[in-house]
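Participant: Shown below is the structure under consideration.
Protein chains in written order, with my numbering: chain S, 1302 to 1412; chain H, 7 to 118.
The following block contains the structure:
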């Protein structure tokens, strides 16, 4: 099993550009989530999904979109990047109420 | 929703000392309390967890305790080693939300 994979590992964007952060898992987990990690702020939930076709907002959803067309994939879209979105983004998957398995992260810099 | 507070934000100890990190939660419906370790440049990884029907759980040098009445739980690391240096996160989840709420993290530094 590859576990949770994320691409790209690092990305630099200009303000206003759009991009998609990819996340995939091969553990057949129902639950998938996106977090952002900023210094002193811990892990903040952006969006999550409890199964294919079902998504919901977390604590900090503004400026981000998600979709879940398959069990395996949960991409995160930045529609118009802003410097405030400079962060490290983690994708996680799990079976709900159990262990979360995290990907290696995507480091995003918005200039 | 659930609110998880974690203290301290930074903890510095000498190798061989014990380290204790404490968390409190607000939702009495929470019943699963995992702890994650995040090494530099990596994603968090589960190191130990505890459920609400258990008061204490041990795994070699690490242990977690849970006080449901007071709504707090703690991570104890004994005989710390330099490789224990990392950021540690507590979390809580339960029947109201299966998506865990995380504390803000504790940066543990173990000096050789």
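Backbone N, C-alpha and C define an ideal beta-carbon position, used for all residues, glycine too.
(1) Strictly under 8 Å for the Cβ-Cβ distance: is residue 23 of chain H near chain S by that measure?
(2) Where do the N-terminal and C-terminal ends of the beta strand (DSSP E) with residue 56 of chain H fall, by residue?
(3) Based on the DSSP secondary-structure assignment, which residues constitute the bridge partners of residue 62 of chain H?
(4) Go ahead and pull the three-state DSSP assignment for residue 23 of chain H.
(5) Is the Cβ-Cβ distance between residue 1400 of chain S and residue 52 of chain H less than 8 Å?
(6) Sort out for me which residues DSSP pairs residue 11 of chain H with in a bridge.
(7) In angstroms, rounded to a whole number, what distance separates the CA positions of residue 107 of chain H and residue 77 of chain H?
(8) Which residue's Cα is closest to the Cα of residue 1364 of chain S: S:1313, S:1318, S:1307, S:1328?
(9) State the Cα-Cα distance for the pair residue 32 of chain H and residue 10 of chain H, rounded to the nearest angstrom.
Facilitator: In short, the structure shows the following:
(1) No, residue 23 of chain H lies away from the interface with chain S (no Cβ there is under 8 Å from its Cβ).
(2) 51-57
(3) H:71
(4) coil
(5) yes
(6) H:30
(7) Approximately 14 Å, taken between the alpha carbons.
(8) S:1318
(9) 7 Å
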